[in-house]
Each structure stands twice: as structure tokens, then as C-alpha cells.
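Engineer:
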Amino acid sequence: MPTFRIKEAASLLGVSADTLRRWADGSRIETTTDASGRMAVDGVTLARFAQDLAGSTDHGEGRVVVGHSARNRFSGLVTRVVRDTVMAQVEIQAGPHRFVSLLSSEAVDELGLEPGMLAVATVKATNVSVEIPENSRSG
Numbered sequence: 004m005p006t007f008r009i010k011e012a013a014s015l016l017g018v019s020a021d022t023l024r025r026w027a028d029g030s031r032i033e034t035t036t037d038a039s040g041r042m043a044v045d046g047v048t049l050a051r052f053a054q055d056l057a058g059s060t061d062h063g064e065g066r067v068v069v070g071h072s073a074r075n076r077f078s079g080l081v082t083r084v085v086r087d088t089v090m091a092q093v094e095i096q097a098g099p100h101r102f103v104s105l106l107s108s109e110a111v112d113e114l115g116l117e118p119g120m121l122a123v124a125t126v127k128a129t130n131v132s133v134e135i136p137e138n139s140r141s142g
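First residue of the sequence shown: 4, per this note's numbering; consecutive thereafter.
(1) Checking the sheet assignment: what are the DSSP bridge partners for I135?
(2) Among residues of its own chain, excluding the 5 on either side of A43, which ones have a beta-carbon nearer than 8 Å to its beta-carbon?
(3) Taking 6 Å as the cut-off, does the CB of T35 come closer than this to any heavy atom belonging to the ligand GTP?
(4) DSSP beta-bridge partners for I95?
(5) Should T22 be labelled buried (16 or more other beta-carbon atoms within 10 Å of its own) or exposed?
(6) Could you tell me how far apart the beta carbons of Q96 and V103 are, in whole angstroms, since I believe they sit closer than 8 Å?
(7) Enumerate in chain order the residues of its own chain whose CB-to-CB distance from T48 is below 6 Å, with the five nearest sequence positions on each side excluded.
(8) Going by beta carbon distance, what residues of the same chain come within less than 8 Å of V111, once the five residues before and after it are set aside?
(9) Going by beta carbon distance, what residues of the same chain come within less than 7 Å of T88, once the five residues before and after it are set aside?
(10) Taking Cβ positions, are V123 and E134 nearer each other than 7 Å?
(11) Applying the criterion that 16 or more other CB atoms from any shown protein chain within 10 Å of the CB defines a buried residue, is L15 buried or exposed?
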């Protein structure tokens, strides 16, 4: 299972590394050490925490939209994979945004998608595709 260094985990959560360290010191999020002995967060733990954090924050409903893009990329963590023999449902938590993508089980297998992995939800119109950034698979 992948682990994320504090700076990377904080970026995925949309907070500073100092904030994440304070949360860890206050036992709000569990940390571990990576192969180099540095503080890190397990991918599954980070995914669960991202879901909890997103569910407890103000998402700005009611704000006026002053601009938008036809194409958006959201880096986040895979939080859930539900599959059957043909299709799969993949959920990604990217900060306060939750993305759900339906794709073939074969595509999920090829991408090696599982909770705790870093992934990118690419949104264009009504389609969401899932990408895996380099170095996001555990070795």
C-alpha cells in the first residue's frame, strides 16, 4: 500500500504541511514512517481522513461562480472500488470534491486501482476518466 510524505499528504488534503503535522501531533490522523524513516501517512488512512474532512467542511454552497473550465483535473485519493464481473465504480476524494467514475473492471485491473492510491479524476463534460500519476503504485 502506498504511503505519502507529510508534504504530499497535506497537498492532497488542501492544507499546509504544518497543519497536517499538528493534526498528527493531536492524534487527529495516524502517521507512520516511510522507508527513509520520515513521517508519512498510509494511503488508506489518508483516504478515510480525506472523506471525513470533506464531509465536515463548508463547501461554499450558495457562492456565485465567476468562472469555470471545460476541462478539469483533480488529484486525489481512491477511497472506494466496487466491482462486479464487467463494471466497476471508483470513488476519488480530491479535497472537498468526491468523484465517482464507472469504468470496466478490466480498466480497474489494468490501472491497479485500490483504496489509498493517488489518482487523477479528469472531467470533461459528463465523463470522468481516471489516471494514475507516475510513482503512485507501491513497488
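All C-beta atoms in this analysis are idealised placements derived from N, C-alpha and C, irrespective of residue type, glycine included.
Since the model is a prediction, treat every value here as computed from it, not as a measurement.
Structural biologist: Let's see:
(1) By one-based count along the sequence shown, residue 135 stands at place 132. The secondary-structure analysis by DSSP pairs I135 with nothing; it has no beta-bridge partner.
(2) One-based indexing of the sequence shown puts residue 43 at position 40. Once the five neighbours on either side are set aside, the close Cβ partners of A43 are T6, F7, R8, I9, A12, T34, T35, T36 and D37.
(3) Questions concerning the ligand GTP fall outside what the structure shown contains, since it holds no ligand whatsoever.
(4) Here residue 95 refers to the residue found at position 92 of the sequence shown. Its beta-bridge partners are V81 and F102.
(5) Counting from 1 along the sequence shown, the entry for residue 22 is found at position 19. The residue in question, T22, is exposed, as its Cβ has fewer than 16 Cβ neighbours within 10 Å.
(6) Position 93 of the sequence shown, counted from the start, is the residue given in the question as residue 96. Position 100 of the sequence shown, counted from the start, is the residue given in the question as residue 103. Actually they are not in contact, since the Cβ atoms of Q96 and V103 sit about 10 Å apart, beyond 8 Å.
(7) Counting from 1 along the sequence shown, the entry for residue 48 is found at position 45. So the list reads E33, once near-sequence residues are dropped.
(8) By 1-based counting over the sequence shown, the position of residue 111 is 108. Counting only Cβ-Cβ distances below 8 Å, and skipping sequence neighbours, we find V84, R86, A91 and V93.
(9) Counting from one through the sequence shown, the residue named residue 88 turns up at place 85. Around T88: S108.
(10) If you number the sequence shown from 1, residue 123 lands on position 120. If you number the sequence shown from 1, residue 134 lands on position 131. Note that the C-beta distance between V123 and E134 is below 7 Å.
(11) Looking up residue 15 in the sequence shown gives position 12. The residue is buried, with at least 16 neighbouring Cβ atoms inside 10 Å.
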